[in-house]
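Participant: Those letters in the sequence shown? Residues 178 to 243, by my numbering.
Note that the Cβ used here is the ideal one computed from N, Cα and C, for glycine as well.
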Amino acid sequence: MAAPRNTQQLSPEAFARSFKAASRKLWCVAVAVLGDRHHAEDVLQEAALTALGRLESFTPGTGFEA
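1. Give the straight-line distance between the Cα atoms of T236 and Q186, rounded to the nearest whole angstrom.
2. Inspect the beta-carbon positions of V208 and A217 and report whether they are closer than 8 Å.
3. Taking the alpha carbon of E190 as the reference point, which residue from Q222, S234, L229, G238 has its own alpha carbon closest?
4. What are the boundary residues of the alpha helix (DSSP H) that L187 is part of?
5. In three-state DSSP terms, what is D213?
What follows is the structure in structure tokens.
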């Protein structure tokens, strides 16, 4: 059985604001895990693109950084 679709979608603009607010913390975690600042930036960009592509599954009000 498929999960119910989210009826409250986050706009791309709101996504950008949320991602920007969380990006420093996410980048720090990526650097700690990967040990390379440039690779961490690449991973963060890929994560942003993946998250943006799955925006319809994000539930507003939940932890964006999770």
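Facilitator: Walking through what the data contain:
1. 7 Å
2. Contact: yes.
3. L229
4. Run containing L187: none; DSSP gives neither H nor E here.
5. coil
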